[in-house]
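J.: Protein sequence lines, in the order shown, are assigned to chains A and B. For what it's worth, this note's numbering labels the leading residue of the first sequence as 28, then goes sequentially. For what it's worth, this note's numbering labels the leading residue of the second sequence as 60, then goes sequentially. Built from N, CA and C at the ideal position, the CB exists for glycine as well. The structure follows.
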Amino acid sequence: MILVLSQNDIEATTIEVTDWLDFYKADYIRMNGDDLLGRGAYQLGLDTSYLNIGTRTIALADIGVVWFRRWTSTDFSSYFQSPEQEDAQKDINEYLKKEYFATSKALFHVLKDKHWLTDVTFSTPEKFSLLQSARDCGMRIPETIICNNLSSLLTFERDYPNGVITKSISDVKSIRISGASYVPYTARISGKMQREETFHPILVQENIEKQFELRVFYLAGEMYAMAIFSQADSRTAQDFRRYNMDCPNRVVPYLLPEDIQNRLKELMDRAGLNCGSIDLIKSKNDDYFFLEINPVGQFGMVSHPCNYQLEKKVAQYLIEKDDEQ
Amino acid sequence: MENEKDKFKLYASCLLTKGALRSTICDVQREKFEFIPNILYEILTEHDGSTIEEVVGIYGEENKDTIMEYFDFLKKNDFLFLTDEPERFPQVSLSTPHSAHITNCIIDFDRNSPHDLASIVPQLDALNCKSIQVRYHYDATIDELESQLTAITNSKVMSCYLLLPYCNCYQARDYIRLLDIHQRIRHITLHSCPQDAVLKTDDESIGLRVSLTEKAIDPEKHCGDIGPEHFRINLRLFSESNTSNTCLSHKLSIDKEGYLKNCPSMPQQFGLFGHLSLKEAIEKEGFRDYWKIKKDDIDVCQDCEFRHMCTDCRAFRSSTENRYSKPLKCDYDPYTAKWGDRTKLKKSKPEQSEKIKTATN
Ligand code: SF4
Numbered sequence: 028m029i030l031v032l033s034q035n036d037i038e039a040t041t042i043e044v045t046d047w048l049d050f051y052k053a054d055y056i057r058m059n060g061d062d063l064l065g066r067g068a069y070q071l072g073l074d075t076s077y078l079n080i081g082t083r084t085i086a087l088a089d090i091g092v093v094w095f096r097r098w099t100s101t102d103f104s105s106y107f108q109s110p111e112q113e114d115a116q117k118d119i120n121e122y123l124k125k126e127y128f129a130t131s132k133a134l135f136h137v138l139k140d141k142h143w144l145t146d147v148t149f150s151t152p153e154k155f156s157l158l159q160s161a162r163d164c165g166m167r168i169p170e171t172i173i174c175n176n177l178s179s180l181l182t183f184e185r186d187y188p189n190g191v192i193t194k195s196i197s198d199v200k201s202i203r204i205s206g207a208s209y210v211p212y213t214a215r216i217s218g219k220m221q222r223e224e225t226f227h228p229i230l231v232q233e234n235i236e237k238q239f240e241l242r243v244f245y246l247a248g249e250m251y252a253m254a255i256f257s258q259a260d261s262r263t264a265q266d267f268r269r270y271n272m273d274c275p276n277r278v279v280p281y282l283l284p285e286d287i288q289n290r291l292k293e294l295m296d297r298a299g300l301n302c303g304s305i306d307l308i309k310s311k312n313d314d315y316f317f318l319e320i321n322p323v324g325q326f327g328m329v330s331h332p333c334n335y336q337l338e339k340k341v342a343q344y345l346i347e348k349d350d351e352q
Numbered sequence: 060m061e062n063e064k065d066k067f068k069l070y071a072s073c074l075l076t077k078g079a080l081r082s083t084i085c086d087v088q089r090e091k092f093e094f095i096p097n098i099l100y101e102i103l104t105e106h107d108g109s110t111i112e113e114v115v116g117i118y119g120e121e122n123k124d125t126i127m128e129y130f131d132f133l134k135k136n137d138f139l140f141l142t143d144e145p146e147r148f149p150q151v152s153l154s155t156p157h158s159a160h161i162t163n164c165i166i167d168f169d170r171n172s173p174h175d176l177a178s179i180v181p182q183l184d185a186l187n188c189k190s191i192q193v194r195y196h197y198d199a200t201i202d203e204l205e206s207q208l209t210a211i212t213n214s215k216v217m218s219c220y221l222l223l224p225y226c227n228c229y230q231a232r233d234y235i236r237l238l239d240i241h242q243r244i245r246h247i248t249l250h251s252c253p254q255d256a257v258l259k260t261d262d263e264s265i266g267l268r269v270s271l272t273e274k275a276i277d278p279e280k281h282c283g284d285i286g287p288e289h290f291r292i293n294l295r296l297f298s299e300s301n302t303s304n305t306c307l308s309h310k311l312s313i314d315k316e317g318y319l320k321n322c323p324s325m326p327q328q329f330g331l332f333g334h335l336s337l338k339e340a341i342e343k344e345g346f347r348d349y350w351k352i353k354k355d356d357i358d359v360c361q362d363c364e365f366r367h368m369c370t371d372c373r374a375f376r377s378s379t380e381n382r383y384s385k386p387l388k389c390d391y392d393p394y395t396a397k398w399g400d401r402t403k404l405k406k407s408k409p410e411q412s413e414k415i416k417t418a419t420n
């Protein structure tokens, strides 16, 4: 049986993949992260052999493969409400959130011997270690530092005539400001913008002059690449996520050279990932620069414009792995 | 990097269609199209990946100005880019596999219809059907709609489109309430409304989900219109039209009497709902015959530059005997590149937006 881990809301990719699972009459069950917060009774232990998911009870031994797509959509900041005691509400909710994630980890642990598509029992390497591995695998990477002071920033900047950029060191987090959500994006910076001698640590990277960006969906050794012509538009020149609705960037299928594919495969193997979205830049000098990997990346945005049918391929992969078990 | 040595390449999202007199470029990403001369179609298909200089070499210096003009036009519209590695930019695949046996279903009701949504929807679920259009041939009440549509609440049907006659007994708030209860209703069209009918509301979004038209629509006859206002430019339709029928493929219909058909307006029926399952009906001999008739197989359409943005119609065709004849309600002639009088006279009137009035106005 295939266990699909996703989130409560209508999640387009989960639905598209499970439609294919239905089409192939595959045996699967979907569990959402918030099921652990729901009313359905469950119990986890080191010797657990049955899982309660909603109204169903599944023998652990029947699960052949686990697909991790998404997890929770619960907003823990208002999970427990105590309007009179705001500080208590905040602390309690932070604690409940931690407890919830630890419970989730316990569940993943119980499933750790299963075949996973995006194994979350295995922690994702952080930025520096990925950049290091990428370089060790023969990929070019933009020169990168993390610093907290103006003089380092200015010295670093001096070496790069094309300027430098800054982006998130960890995963991007959306920030709510009076009801609207904002997501940090990659931006050009200059030491001149900085007034303080020291500041909160930031990641600074040499700016690579792009021909185009590449987003590569990686699935068990296969690579599906899409070129994003973000250069033409000043809004998206640094970060194509700053989407221009009226005139979207050109996105087209792209074939990666074999040697780049081999290097990326080695990198994914080293990082212990069998699935993910890899971001690259094809520079004006014709080099391929590695930027980052998002292990649970959106693949609909690559699949649909390039008509790669990735949802179908993921479903087929899950069925194949489940049959092998 | 852009110099004379660079090779040109159309972006894979800009797709060409050759017609008898002229061709089109469908920009499926930005959902628009432009006409191009057939000679440019030839340049872009036969010499894709060459340099502009090479093209000038082939067509002769005397045509250089025209060729340069063509390329300026293509660059201005951002249809084309220059690269020294054209072989790394493959075409988008035009295959359209479906994860559903039926992707869309039309269900008609009149007062005496023997079928009901509660028994149809579970069967549609088994076919993975995601979209339905429900057409009422009578003035169904909102209470009726509300209770019938509970059938889709926990089903696989993610979008539902309704067509019914206007009734002056309802206000905007009644429709808002219905849309609120049944979020999966994407759109409601109310036809035969009096000239002065308006829906007053302060909810601006309702205009997107409800439209009013004065036209009296007989669902079985009104369908099949073809004209520029019906063209859609997207990769799904473009690729689907290359391989299958853009109206009937993966469609199932239940007419007001309960007969299972490809389309309610077609005479052929494959049994009565309730006497056989939907699955049995679509597996019957002949049910899928029309699915495979693509634009390239249809008389006249096969020479039309609009054929991959135009939806087909097999119910109303210029010859009842010939399955491959052109849709009856199209008066375009690709051999002269002219529309007939019917299309020319049609005024595009934005009825619906005017008929939904926000109270704040
Ligand atoms: S001739 Fe055919 S393809 Fe062209 S507009 Fe008419 S119906 Fe559509």
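Go to residue 250(B), then tell me how far its beta strand (DSSP E) extends in each direction, as first and last residue.
T.: 244-250
J.: Among 103(A), 87(A), 115(A), whose alpha-carbon lies nearest the alpha-carbon of residue 140(A)?
T.: For the options 103(A), 87(A), 115(A), the alpha carbon positioned closest to that of residue 140(A) is the one of 87(A).
J.: Please decide whether residue 130(B) counts as near chain A, where near means a Cβ-Cβ distance under 9 Å.
T.: no
J.: Evaluate residue 423(B) with the Cβ neighbour count: other Cβ atoms within 10 Å of its Cβ, from every protein chain shown; 16 or more gives buried, anything less gives exposed.
T.: Outside the displayed span of chain B (60 to 420) sits residue 423(B), for which this structure offers no information.
J.: Looking at the unbroken beta strand (DSSP E) that takes in residue 55(A), where does it start and where does it end?
T.: 55-59
J.: Measuring CA to CA, which of 305(A), 281(A), 280(A), 234(A) is closest to residue 292(A)?
T.: 305(A)
J.: Hey, would you say the C-beta of residue 383(B) is under 8 Å away from at least one heavy atom of the ligand SF4?
T.: no
J.: Which ranges would you report for the alpha helix (DSSP H) in the stretch 91-144 of chain B if only whole runs of at least 4 residues count?
T.: When DSSP assignments are scanned along the stretch 91-144 of chain B, the uninterrupted stretches of alpha helix (DSSP H) that are 4 or more residues long and fall wholly within it turn out to be 97-105, 111-118, 123-135.
J.: Within 10 angstroms of its Cβ, does residue 316(A) collect 16 or more other Cβ (buried), or is it exposed?
T.: So residue 316(A) counts as buried.
J.: Quick check on residue 113(A): buried or exposed, where buried means 16 or more other Cβ atoms within 10 Å of its Cβ?
T.: A residue is called buried once 16 or more other Cβ atoms fall within 10 Å of its Cβ, and residue 113(A), having fewer, is exposed.
J.: Can you check whether the C-beta of residue 159(B) is within less than 9 Å of a C-beta belonging to chain A?
T.: Judged by the 9 Å Cβ criterion, residue 159(B) is in contact with chain A.
J.: Excluding the five sequence neighbours on either side, which residues of its own chain have a C-beta within less than 7 Å of the C-beta of residue 388(B), listed in chain order?
T.: Result list for residue 388(B): 283, 284, 285, 372, 375, in chain order.
J.: Give the secondary structure of residue 374(B) by DSSP, where H, G and I count as helix, E and B as strand, and everything else as coil.
T.: Three-state result, residue 374(B): coil.
J.: In the stretch 84-126 of chain A, which residue ranges form an unbroken alpha helix (DSSP H) of at least 4 residues, counting only runs that do not cross its ends?
T.: Correct list: empty.
J.: Measuring from each Cβ to the nearest heavy atom of the ligand SF4, keep the ones under 6 Å and list them in chain order.
T.: 285(B), 354(B), 359(B), 360(B), 363(B), 365(B), 366(B), 369(B), 385(B), 386(B), 389(B), 391(B), 393(B)
J.: How many Å lie between residue 281(A) and residue 244(A) at the Cα?
T.: 11 Å
J.: For residue 220(B) and chain A, any beta-carbon pair shorter than 9 Å?
T.: no
J.: Which chain A residues are close to residue 140(B), counting only those with a beta carbon under 8 Å from its beta carbon?
T.: 256, 277
J.: Please identify, using Cβ separations under 9 Å, the residues of the stretch 318-346 of chain A that lie next to chain B, in order along the chain.
T.: 331, 332, 333, 334, 335, 336, 338, 339, 342
J.: Under the three-state reduction of DSSP, which class applies to residue 208(A): helix, strand or coil?
T.: Reduced to three states, the DSSP call for residue 208(A) is strand.
J.: Is any beta-carbon of chain B found at less than 9 Å from that of residue 228(A)?
T.: Look at residue 228(A): its C-beta is not under 9 Å from any C-beta on chain B.
J.: Measuring straight from C-alpha to C-alpha, what distance separates residue 120(A) and residue 208(A)?
T.: Roughly 21 Å separates the two Cα atoms.
J.: Just to make sure I have the definition right: I need the residues of chain A whose C-beta is within less than 7 Å of the C-beta of residue 151(B). Which are they?
T.: 280, 333, 334
J.: Residues of chain A with a CB under 8 Å from the CB of residue 92(B): which are they?
T.: Simply none; closest approach about 16 Å.
J.: Does the Cβ of residue 245(A) lie closer than 8 Å to at least one heavy atom of the ligand SAM?
T.: The ligand SAM is not part of the structure shown, which contains the ligand SF4 as its ligands.
J.: Is residue 295(B) buried or exposed, if buried means 16 or more other CB atoms sit within 10 Å of its CB?
T.: exposed
J.: Rank 103(A), 331(A), 170(A), 195(A) by C-alpha distance to the C-alpha of residue 185(A) and give the top, closest one.
T.: 170(A)
J.: If distances are taken between C-alpha atoms only, which option among 238(A), 326(A), 99(A) comes closest to residue 59(A)?
T.: Looking from the CA of residue 59(A), the closest CA among 238(A), 326(A), 99(A) belongs to 99(A).
J.: Would you mind sorting residue 358(B) into buried or exposed? The rule is 16 or more other CB atoms within 10 Å of its CB.
T.: Counting Cβ neighbours within 10 Å, residue 358(B) comes out exposed, since fewer than 16 surround it.
J.: Mind checking the stretch 92-105 of chain A against chain B and listing, in chain order, the residues whose C-beta falls within less than 9 Å of any C-beta there?
T.: none
J.: Assign residue 314(B) to one of two classes, buried (16 or more other C-beta atoms within 10 Å of its C-beta) or exposed (fewer than that).
T.: buried
J.: Could you confirm whether any beta carbon from chain B is found closer than 9 Å to the beta carbon of residue 284(A)?
T.: yes
J.: Between the stretch 174-190 of chain A and the stretch 225-237 of chain A, do three or more beta carbon pairs fall short of 8 Å?
T.: yes
J.: When the distance is taken between beta carbons, is residue 180(A) closer than 9 Å to residue 235(A)?
T.: no
J.: With the cut-off set at 9 Å, would you say residue 168(A) and residue 71(A) are in Cβ contact?
T.: no
J.: Only counting runs of 3 or more residues, tell me where the beta strand (DSSP E) segments fall wholly within the stretch 216-297 of chain B, in order along the chain.
T.: 218-224, 244-250, 258-260, 269-271
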